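Reading through the structure tokens given below for one structure.
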Amino acid sequence: MIAEKKLVVVGLGPGDPGMLTIAGKKALEEADEVWVRTRKHPTLDHINFGDKLKSFDEIYDTFDSLDEVYRAIAERLRDRILAADISYLAYAVPGSPSAGERSVKLLRESLRDTPVNLKILPSVSALEAIMIELGLDPIDDGLQLVDASELEWLYELYPSAKSQYLNPTIPLLVTGVWNQSLASVTKLFLLSVYPPEWPIKVVRASVDSSHHELQLVDLDKYAKVDHLASVYVPPLAPDSPGSHFYQLTYITARLRGPGGCPWDREQNHYSIKRYLLEEAYEVIDALDKQDIDALEEELGDLLLQISLHSEIAYSESEFEIGDVIRFLTSKLIRRHPHVFGDIQVENASHVTRNWQMIKKSERSQKGEEEVSVLDGVPRALPALARAQSISVRAAKTGFEWDDARQLWEKVLEELEEVKDSAADELPMELGDLLFVLVNWARFHGIDAEESLRIATDKFEQRFREMERRARSQGKELEQLSIDEMDALWEEIKEQEKNVKLEA
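With the first letter of the sequence shown counted as 1, position 5 gets the number 5 in the UniProt record's numbering; the numbers rise by one all the way through.
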């Protein structure tokens, strides 16, 4: 008869030998062999193991990451319990095996398809000691729990998303801040969410638990971070200035809620519609000026409009901001199967073709069969931008000029029609000319909207300079003759050319 293979995982508690459970002590005494993740635990000194105690301490210097260390521990424990010369193995970890012990989670996975009887004993975790030291109830007070190694991983992999990972309006406990490097990463991560002077507590969970209060900005300067250290961060008020999306939605809801702003409370989707367009144009203006500070501010103003419309929709039982985000993330994942799925693409053109096919499939599933390739171009677009989008879509079907010469002849033809048209026909003929000019620009890879914007900016800049020079002569521009204005204009143009040549 083959002896049963048994592996028991024991939590040593936060450090006080009296916190080791009776069942845990019994398992350590009865096991054929006892492995500990680390010998750095005071409880181990109070048990007589004889020669059966073994440690994984030396493995920490063998690998570059803690994840690799924990995987190696799980693999070695699996191989050891499956060996012929042993039937009962105990694995002891600090605190509790069910709280912040990745090696135990990996061990469970590695033994899933083996005959080993794995038993994980309930134990007193270091969290118990921390909660008592801080006077917290994790359920009543609410508590976010995260390991410092997780923050390190996120900081390296997705640094731009760090400000949204933690909700600063909920108390936070960062465990495993066991060296200066992790303390530094933790500080940098938290500074994306909390102010530098925010008070925090470094807690040591041991036989004699203690904590030290300091400011967040000084965390990596604190010398007493070791394998027992955790960092507690108290919550920010939800209506305080902050970087988390929840704070924006809370403040928006408060503005429209009881006791909020009378103006905000009176608004509906249609009364603030024009502000959405204005803010979008101000974003474009900041981009055109290459003013990054203004871009940061204007994107915030645009985001406020989205938050306001979502809050209005919620008050009308239409949808809420979570629905907007869910709809968007679902669409992004669905339309990028080459990133989130197993589709292979060769280049950006391949991505565009897939995108169009996916959009067509989406419309079909909604019962919105495409009537025209021109569907989906908003009528509210500025006329020039709309003309460009329409012409791009039409050209993709093959409805396109053979060459630039033919297209230019069409431009000249439309120009003649404008010159020869009667007054009542002029608006229509001028529109035809503008539309074919948009096509000519598209054919040559030119963004007509952007070109007109640049030309308008250039005219505005020159005109303002004319006004300035006229005033420097003690006159207003309208007091000059047309010949004097023309002379000023040409003078400014010539100076611009000279500046370009010097550059």
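Where is the CB? At the ideal position from N, CA and C, for every residue including glycine. Owing to the predicted nature of the structure, the values given are computational and were not obtained by experimental measurement.
C-alpha distance - residue 495 paired with residue 452, whole-angstrom precision:
In the sequence shown, counting from the first residue as 1, residue 495 sits at position 495. In the sequence shown, counting from the first residue as 1, residue 452 sits at position 452. Approximately 22 Å, taken between the alpha carbons.
Beta-bridge partners of residue 120, as assigned by DSSP
By 1-based counting over the sequence shown, the position of residue 120 is 120. BP columns for residue 120 point to 9.
How about residue 384 and residue 307: do their beta carbons lie closer than 8 Å?
Locating residue 384 in the sequence shown gives position 384, counting from the first residue. Locating residue 307 in the sequence shown gives position 307, counting from the first residue. Taking 8 Å as the cut-off, the Cβ atoms of residue 384 and residue 307 do not count as close.
At the level of alpha carbons, what is the spacing between residue 352 and residue 78?
What you label residue 352 is simply residue 352 of the sequence shown in a count that begins at 1. What you label residue 78 is simply residue 78 of the sequence shown in a count that begins at 1. Going by the C-alpha atoms only, they are around 48 Å apart.
Are the region 46-53 and the region 18-31 touching, with three or more C-beta to C-beta distances below 8 Å?
Yes, since at least three Cβ pairs between the region 46-53 and the region 18-31 fall closer than 8 Å, the two stretches touch.
Taking the C-alpha atoms as reference points, what is the distance between residue 5 and residue 175?
Here residue 5 refers to the residue found at position 5 of the sequence shown. Here residue 175 refers to the residue found at position 175 of the sequence shown. Those two C-alpha atoms are separated by around 33 Å.
Provide the residue span of the alpha helix (DSSP H) that contains residue 365, from first to last.
Along the sequence shown, one-based indexing puts residue 365 at 365. Here the alpha helix (DSSP H) through residue 365 covers 348-365.
Tell me which residue opens and which closes the beta strand (DSSP E) that residue 204 is part of.
By 1-based counting over the sequence shown, the position of residue 204 is 204. Residue 204: member of the beta strand (DSSP E) spanning 199-204, first to last residue.
Please work out which residues of its chain come closer than 8 Å, Cβ to Cβ, to residue 240, disregarding the five sequence neighbours upstream and downstream, and give them in chain order.
Numbered from its first residue, the sequence shown carries residue 240 at position 240. Answer for residue 240: 247, listed in chain order.
So, helix, strand or coil for residue 144, using DSSP?
Position 144 of the sequence shown, counted from the start, is the residue given in the question as residue 144. Looking at residue 144 - three-state DSSP - the assignment turns out to be strand.
Looking only at its own chain, which residues have a Cβ that is under 7 Å from the Cβ of residue 271, when we skip the five neighbours before and after it?
Position 271 of the sequence shown holds residue 271. Closer than 7 Å at Cβ, skipping near neighbours: no residue.
On the criterion of 16 or more Cβ atoms from any shown chain inside 10 Å, does residue 232 qualify as buried, or is it exposed?
For the purposes of this step, residue 232 is taken as residue 232 along the sequence shown, with counting starting at 1. Classification of residue 232: buried, given that the 10 Å Cβ count is 16 or more.
Host beta strand (DSSP E) of residue 54 (start-end):
For the purposes of this step, residue 54 is taken as residue 54 along the sequence shown, with counting starting at 1. Counted as a single uninterrupted DSSP element, the beta strand (DSSP E) harbouring residue 54 occupies residues 53-55.
Is the CB-CB distance between residue 225 and residue 203 below 8 Å?
Translated into the one-based positions of the sequence shown, residue 225 becomes position 225. Translated into the one-based positions of the sequence shown, residue 203 becomes position 203. Going by C-beta atoms, residue 225 is not nearer than 8 Å to residue 203.
Identify every residue that forms a DSSP beta bridge with residue 215.
Sequence index remark: in the sequence shown, residue 215 carries index 215 (1-based). In DSSP, residue 215 forms a bridge with 199.
In chain order, what residues of the same chain have a beta carbon less than 6 Å from the beta carbon of residue 96, not counting five sequence neighbours either side?
For the purposes of this step, residue 96 is taken as residue 96 along the sequence shown, with counting starting at 1. Its chain contains 11, 123 and 125 as the residues whose beta carbon lies nearer than 6 Å to that of residue 96, once the 5 sequence neighbours on both sides are disregarded; these appear in chain order.
Whose CA, out of 336, 180 and 197, lies closest to the CA of residue 214?
Here residue 214 refers to the residue found at position 214 when the sequence shown is read from its first residue. Nearest C-alpha to residue 214 among 336, 180 and 197: 197.
On the DSSP bridge list, what partners appear for residue 33?
Residue numbering aside, residue 33 sits at position 33 when the sequence shown is read from its first letter. In the DSSP output, where bridge partners are listed per residue, residue 33 has 89.
Going by DSSP, what residues sit across from residue 95 in a beta bridge?
On the sequence shown, residue 95 is found 95 positions in, with the first residue counted as 1. As a beta-bridge residue in DSSP terms, residue 95 pairs with 13.
Which runs of the alpha helix (DSSP H) fall wholly inside the region 240-285 and span at least 4 residues, in chain order?
As far as the region 240-285 is concerned, its whole alpha helix (DSSP H) runs of at least 4 residues are 245-256 and 262-266.
Report yes or no: do the region 144-154 and the region 173-192 share at least 3 C-beta pairs separated by less than 8 Å?
In this structure the region 144-154 lies against the region 173-192, because at least three pairs of beta carbons, one per stretch, are closer than 8 Å.
Tell me the DSSP secondary structure of residue 1 in three-state form.
Position 1 of the sequence shown, counting from 1, holds the residue named residue 1. Bear in mind that the predicted position of residue 1 carries a pLDDT of just 43, short of 50, making it unreliable; the figure below should be weighed with that in mind. Reduced to three states, the DSSP call for residue 1 is coil.
Mapping DSSP to helix, strand and coil, what is residue 21?
Taking the sequence shown and counting its residues from 1, the one referred to as residue 21 is at position 21. Residue state, collapsed to three classes: coil.
In this structure, does DSSP put residue 225 in helix, strand or coil?
For the purposes of this step, residue 225 is taken as the residue at position 225 of the sequence shown. Assignment of residue 225 by DSSP, reduced to helix, strand and coil, places it in the coil class.
For residue 492, which residues in the same chain have their Cβ closer than 6 Å to its Cβ, ignoring the five residues on either side in sequence?
Sequence index remark: in the sequence shown, residue 492 carries index 492 (1-based). Excluding positions up to five away in sequence, the list reads 462 and 465.
Which residues mark the beginning and the end of the alpha helix (DSSP H) in which residue 175 is found?
Looking up residue 175 in the sequence shown gives position 175. Here residue 175 belongs to no alpha helix (DSSP H); instead the beta strand (DSSP E) covers 172-175.
Per DSSP, which residues does residue 210 bridge with? Please list them.
Numbered from its first residue, the sequence shown carries residue 210 at position 210. Partner(s): 204.
Is residue 407 near the ligand ZN, with its Cβ less than 7 Å from a heavy atom?
The ligand ZN is not part of this structure, which contains no ligands at all.
If we count Cβ pairs, one from each stretch, closer than 8 Å, do we get three or more for the region 71-89 versus the region 101-114?
By the C-beta criterion, the region 71-89 is judged to be in contact with the region 101-114, since at least 3 inter-stretch pairs fall below 8 Å.
Does the Cβ-Cβ distance between residue 286 and residue 278 come in under 8 Å?
Residue numbering aside, residue 286 sits at position 286 when the sequence shown is read from its first letter. Residue numbering aside, residue 278 sits at position 278 when the sequence shown is read from its first letter. In this structure, residue 286 sits away from residue 278, with a CB-CB distance that is not shorter than 8 Å.
Decide if residue 347 is buried, meaning its Cβ has at least 16 other Cβ atoms within 10 Å, or exposed.
Counting from 1 along the sequence shown, the entry for residue 347 is found at position 347. Counting other Cβ atoms within 10 Å of its Cβ, residue 347 stays below 16 and is therefore classed as exposed.
In the DSSP output, which residue or residues are listed as bridge partners for residue 230?
As a first step, residue 230 must be located in the sequence shown, where it is residue number 230. Bridge partners of residue 230: 203.
Nearest-angstrom Cβ-Cβ length linking residue 356 and residue 442, presumed shorter than 8 Å
Sequence index remark: in the sequence shown, residue 356 carries index 356 (1-based). Sequence index remark: in the sequence shown, residue 442 carries index 442 (1-based). The Cβ separation is near 18 Å, so there is no contact.
Are the Cβ atoms of residue 244 and residue 40 separated by less than 8 Å?
In the sequence shown, counting from the first residue as 1, residue 244 sits at position 244. In the sequence shown, counting from the first residue as 1, residue 40 sits at position 40. Result no, Cβ atoms of residue 244 and residue 40 do not sit closer than 8 Å.
Please report the distance separating the alpha-carbon of residue 23 from that of residue 121.
Here the question's residue 23 lines up with position 23 in the sequence shown. Here the question's residue 121 lines up with position 121 in the sequence shown. In a straight line, the C-alpha of residue 23 is about 8 Å away from that of residue 121.
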